[in-house]
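Residues in the sequence shown are numbered from 1 upward in steps of one, following the working numbering.
Below is one structure, written out as structure tokens; the observations come after it.
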Amino acid sequence: MSLLFPDHRNLTFDPNTANKYLELLWGQRRAKHGPSAAVGWQERSCRFEPWQVLCVQSYGQGRHYWEVTISSHSVVLGVTYGEIPRHKVRGCKFNIGLDGGSWGLQVREDSYLARHKGQEEKIQLRLYTELGICLDYDHGLLSFYGLGERVQLIHSFHAVFTEPLFPVFWLCEGRTVTLCHRDCGEPEGELGL
1 MSLLFPDHRN
11 LTFDPNTANK
21 YLELLWGQRR
31 AKHGPSAAVG
41 WQERSCRFEP
51 WQVLCVQSYG
61 QGRHYWEVTI
71 SSHSVVLGVT
81 YGEIPRHKVR
91 GCKFNIGLDG
101 GSWGLQVRED
111 SYLARHKGQE
121 EKIQLRLYTE
131 LGICLDYDHG
141 LLSFYGLGER
151 VQLIHSFHAV
161 FTEPLFPVFW
171 LCEGRTVTLC
181 HRDCGEPEGE
191 LGL
């Protein structure tokens with residue numbers, strides 16, 4: 001991803017938005033879904049009712065790129081305007097990609113589902129556990145890549161963005177998402193999933 005690397009952004013999760021079952025670890029760079037996270041949980045109006053969390057950072061003009069590592073399938077990656085609903089939508093486990101203000105990619109066991117405005121597009125590709133997301137805000141392009149021996153474009157959304165966009169994630173039970181930072185070495189063993 002050498003062409004995208006200069007635009008790399010280091011993200012952190014926003015604990016004020018994290019669902020009560022999402023435990024934030026390693027300097028707010030890892031989210032883990034588990035029942036122990038609810039211990040000592042405090043109610044906040046900006047918290048998600050679905051198993052979701054926003055990042056602190058939001059991005060507008062320019063190109064922005066970030067990478068994540070997921071422990072397995074049953075995770076949703078996306079971007080959203082700040083006013084994404086915090087409540088559950090009836091019949092839905094998450095609300096990323098259900099309206100016109102969010103775009104999401106659901107990672108499934110044997111495929112992906114791209115969602116926006118409640119519309120789905122199935123992409124038949126193998127499971128990647130390392131993914132890159134590139135937001136070209138000015139050109140209205142949001143792209144998801146599978147990272148491995150070679151880079152695989154999974155899906156691109158084309159849109160006219162009108163507000164800053166926050167990275168957003170949904171995790172099923174037992175899943176972990178780690179935000180990859182570029183400016184510091186990864187301590188040995190820290191990223192073991």
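Glycine included, every Cβ here is placed at the ideal spot set by N, Cα and C.
Below 7 Å between beta carbons: does that hold for residue i and residue j?
i	j	result
Ala-154	Trp-66	One point to set straight first is that residue 154 is Ile, not Ala, in the sequence displayed. Result no, Cβ atoms of Ile-154 and Trp-66 do not sit closer than 7 Å.
Gly-60	Tyr-137	yes
Ser-143	Gln-124	no
Pro-167	Cys-46	no
Leu-135	His-181	no
Leu-165	Val-107	no
Ala-18	Leu-24	yes
Taking all protein chains shown into account, do 16 or more other C-beta atoms lie within 10 angstroms of the C-beta of residue i, making it buried, or fewer, making it exposed?
i	result
His-139	exposed
Val-68	buried
Can you grab the Cα-Cα spacing for the pair residue i / residue j, in whole Å?
i	j	result
Ile-84	Ile-70	23 Å
Phe-161	Leu-11	20 Å
His-116	Glu-130	22 Å
Leu-193	Gly-101	For Leu-193, the predicted model reports a pLDDT of 34, less than 50, meaning its position is unreliable and no value from the coordinates is stated.
Gly-195	Leu-77	What is shown of the chain runs 1 to 193, which leaves residue 195 out entirely.
Cys-92	Leu-105	15 Å
Ser-74	Gln-28	21 Å
Asn-16	Gly-146	29 Å
Asp-99	Pro-6	31 Å
Gln-119	Gly-62	27 Å
**Prompt:** Okay, do the stretch 166–186 and the stretch 25–35 touch, 3+ Cβ pairs below 8 Å being the bar?
**Reply:** Touching, yes.
**Asked** Where in the stretch 111–166 do unbroken runs of the alpha helix (DSSP H), each at least 4 residues long, occur, reported from the N-terminal end onward?
**Response** Under the rule that a run must span 4 or more residues, no alpha helix (DSSP H) segment is found entirely inside the stretch 111–166.
**Any beta strand (DSSP E) of 3 or more consecutive residues that is wholly inside the stretch 14–75** = Listed in chain order, the complete beta strand (DSSP E) runs (minimum 3 residues) inside the stretch 14–75 are 22–25, 30–33, 52–54 and 63–70.
**Request:** Would you check if the stretch 47–63 and the stretch 86–96 touch, i.e. whether three or more CB-CB distances between them fall below 8 Å?
**Result:** Cβ pair count under 8 Å is three or more, so yes.
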